[in-house]
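**Q** After the structure tokens below, expect a handful of questions from me.
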Amino acid sequence: MERVYNFSAGPATMPLPVLKKARSELLAHEGHGMSVMEMSHRSAMFEEIISGAEEMLRRLMHIPDTYSVLFLQGGASLQFAAVPMNLMGEKGRADYVKTGVWAKKAIEQAKTYGEINVAASSEDRNFAYVPKLEKGAFDPGAAYVHITTNNTICGTRYTGLPDTGDVPLVADASSDILAQERDVGRFGLIYAGAQKNIGPAGLTIVIVRKDLIGNAMPKTPFMLDYATHDKAGSLYNTPPTFAIYMAKLVFEWLDGLGGVTAIEQANRHKAALLYDFIDNSSLYTGTADRQDRSLMCVPFLLPTKELTEEFVSEAEKNGLVNLKGHRSVGGVRACIYNAMPEEGVKALIAFMQRFESNNG
Ligand SMILES: Cc1ncc(COP(=O)(O)O)c(C=O)c1O
1 MERVYNFSAG
11 PATMPLPVLK
21 KARSELLAHE
31 GHGMSVMEMS
41 HRSAMFEEII
51 SGAEEMLRRL
61 MHIPDTYSVL
71 FLQGGASLQF
81 AAVPMNLMGE
91 KGRADYVKTG
101 VWAKKAIEQA
111 KTYGEINVAA
121 SSEDRNFAYV
131 PKLEKGAFDP
141 GAAYVHITTN
151 NTICGTRYTG
161 LPDTGDVPLV
171 ADASSDILAQ
181 ERDVGRFGLI
191 YAGAQKNIGP
201 AGLTIVIVRK
211 DLIGNAMPKT
221 PFMLDYATHD
231 KAGSLYNTPP
241 TFAIYMAKLV
251 FEWLDGLGGV
261 TAIEQANRHK
271 AALLYDFIDN
281 SSLYTGTADR
291 QDRSLMCVPF
301 LLPTKELTEE
311 FVSEAEKNGL
321 VNLKGHRSVG
331 GVRACIYNAM
341 PEEGVKALIA
351 FMQRFESNNG
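Here is the structure:
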């Protein structure tokens, strides 16, 4: 069957070799006579899968032993609540940087659990940039500082990390986890929904410094307390077993390519191809400031709504799908996550070229 190039923001395209491997193991996993979907999460077979996934993720991200890796559910959105419930502690206040729609949602949710200070914001220009963050921007008495490393909707990213001193830095890395080298030691906690760079939806990864576990607010549901999952090795209840298995296959695929260093190089190259084309075109205009442009999510505009609609529908006829921009930015958005091959980006550029010469 013919596959398309899928530029969806998430659930997003998966590496083809991973899908093929999963297909080959779907009915009987490694001689066990059953699919991973049918295995008990308490079985030795599944234990091997979850511990293998953790080991591989630790290796890819160089996660120090002082951090726990948790395989959870509820999406990044549930972490908008879990983070303050677990980290707010007696300090009762936290700093947030408002760089997009998802950061805004994280802020709204966190307000339920403490005093939230918006240390910096780029809302004045519809989140087209990442604000400069001097150390003085943060409250030294805050329980943590929250950032969104890649802003999926407006297509910006942090090119460097803010210095928050002794205050733990917390990152929603849903749309750029594993896309570029980052020093995990700079963070108190990193969380990400799986459905962009890790695997199928239904799995959420939390990487948390061990000393930050165990201080959840009174009445925190057990399922939202990191200590519960840390103690149980992410097996307190039934985890999303098949999604964890798929994540393990994606981690192995990435490792086989040369790990995060290699994929970062590929990502920089893919993004440069697309941005260079946009910058040299007279039909398309990028929406994010150049210095903060995302390697993963590339939003751009065409001159009119009609032309935009025609672009998206023509692209679809050419096997380039899910290019409609988010309603808050409009235009077109191409998400080019780890699993999007360079050929996909080149096919998109070739189409954009043709469309421009027909409509320019
Ligand atoms: C940066 C970011 N944070 C959070 C979310 C919400 O994730 P979930 O649907 O897993 O709750 C998304 C989804 O696209 C996102 O891009």
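Residue 123 in this note's numbering sits at position 123 of the sequence shown, with consecutive numbering throughout. We treat Cβ as the ideally placed atom computed from N, Cα and C, and that holds for glycine. Predicted, not measured: the structure shown is a model, and the values here were computed from it.
#1: Any residue with its C-beta under 6 Å from a non-hydrogen atom of ligand 1 counts. Can you list them all in chain order?
#2: With which residues is V170 paired in a DSSP beta bridge?
#3: With T99 and F127 assumed to form a contact (beta carbons below 8 Å), what rounded beta-carbon distance in angstroms separates them?
#4: Taking a contact to mean a Cβ-Cβ separation below 9 Å, would you say L72 touches I190 in this structure?
#5: Would V118 be called buried (16 or more neighbouring beta carbons within 10 Å of its own) or exposed?
#6: Helix, strand or coil: which one does DSSP assign to E181?
#7: Can you look up S68 in the DSSP assignment and give me helix, strand or coil?
#8: Is the region 211 to 218 in contact with the region 292 to 307, if contact means three or more CB pairs nearer than 8 Å?
#9: Between the C-alpha atoms of N338 and P240, what's the straight-line distance to the nearest angstrom?
#10: Could you work out which residue in G286, K132, S282, F187 is closest to G330 when comparing CA atoms only?
#11: With a floor of 3 residues, list each beta strand (DSSP E) that falls wholly inside the region 189 to 216, ordered by position along the chain.
#12: Return yes when the Cβ of P162 is within less than 9 Å of the Cβ of V97, no when it is not.
#13: For T159, list the residues DSSP reports as bridge partners.
#14: Where does the unbroken alpha helix (DSSP H) through E90 begin, and where does it stop?
#15: Starting from V260 and walking both ways along the alpha helix (DSSP H), at which residues does that stretch end?
#16: Should I50 and I244 be called a contact, given that it needs their Cβ atoms to be closer than 9 Å?
#17: Does the beta-carbon of G33 have 16 or more other beta-carbons within 10 angstroms, so that it is buried, or is it exposed?
#18: What is the rounded straight-line gap between the Cα of E115 and the Cα of T228?
#19: Answer yes or no: do S174 and W102 have a C-beta to C-beta separation smaller than 9 Å?
#20: Quickly, what does DSSP pair V299 with across the bridge? List them, please.
#21: Taking the beta carbon of S294 as the centre, do at least 16 other beta carbons fall within 10 Å, making it buried, or is it exposed?
#22: Give me the DSSP bridge partner(s) of V118.
#23: Which residues in the same chain have their Cβ closer than 6 Å to the Cβ of V18, if we skip the five residues on either side of it in sequence?
#24: Using CA coordinates, which residue listed in L274, S122, M39, E310 is at the minimum distance from Y158?
#25: Classify N197: buried if its beta carbon has 16 or more other beta carbons within 10 angstroms, exposed otherwise.
**A** On the basis of the coordinates in this document:
#1: Chain-ordered list of matching residues: A9, G10, G75, A76, S77, W102, T148, T152, D172, S174, S175, G193.
#2: BP columns for V170 point to H146, L189.
#3: Between F127 and T99 the Cβ distance is about 6 Å, and since that is below 8 Å, they are a contact.
#4: Using a Cβ distance threshold of 9 Å, L72 and I190 do not count as a contacting pair.
#5: By the Cβ neighbour-count rule, V118 is exposed, with fewer than 16 other Cβ atoms within 10 Å of its own.
#6: Coil, per DSSP.
#7: Looking at S68 - three-state DSSP - the assignment turns out to be strand.
#8: Inter-segment contact for the region 211 to 218 and the region 292 to 307 is absent: fewer than three beta-carbon pairs are separated by less than 8 Å.
#9: Rounded to whole angstroms, the gap between the alpha carbons of N338 and P240 is 22 Å.
#10: Closest in C-alpha terms to G330, from the list G286, K132, S282, F187, comes G286.
#11: Runs of the beta strand (DSSP E) lying entirely within the region 189 to 216, each at least 3 residues long, are 189 to 193, 204 to 209 in chain order.
#12: For V97 and P162, yes; Cβs fall inside 9 Å.
#13: Note: T159 sits in no beta bridge, so no partner.
#14: No alpha helix (DSSP H) contains E90, which DSSP labels as neither H nor E.
#15: Counted as a single uninterrupted DSSP element, the alpha helix (DSSP H) harbouring V260 occupies residues 259 to 279.
#16: In this structure, I244 lies closer than 9 Å to I50 by Cβ.
#17: Of the residues assessed, G33 falls on the exposed side of the cut-off, its CB having fewer than 16 other CB atoms within 10 angstroms.
#18: Looking at the two C-alpha atoms, the distance is approximately 26 Å.
#19: A contact, by the Cβ cut-off of 9 Å.
#20: Checking the sequence shown, residue 299 turns out to be Pro, not Val. In DSSP, P299 forms a bridge with R333.
#21: Buried.
#22: DSSP, once it has assigned bridges, lists Y96 as partnering V118.
#23: In the same chain as V18, and ignoring 5 residues on each side of it, the C-beta atoms closer than 6 Å to its own belong to L249, V250, W253, in chain order.
#24: Selected option, being the one with the closest Cα: S122.
#25: That one is buried.
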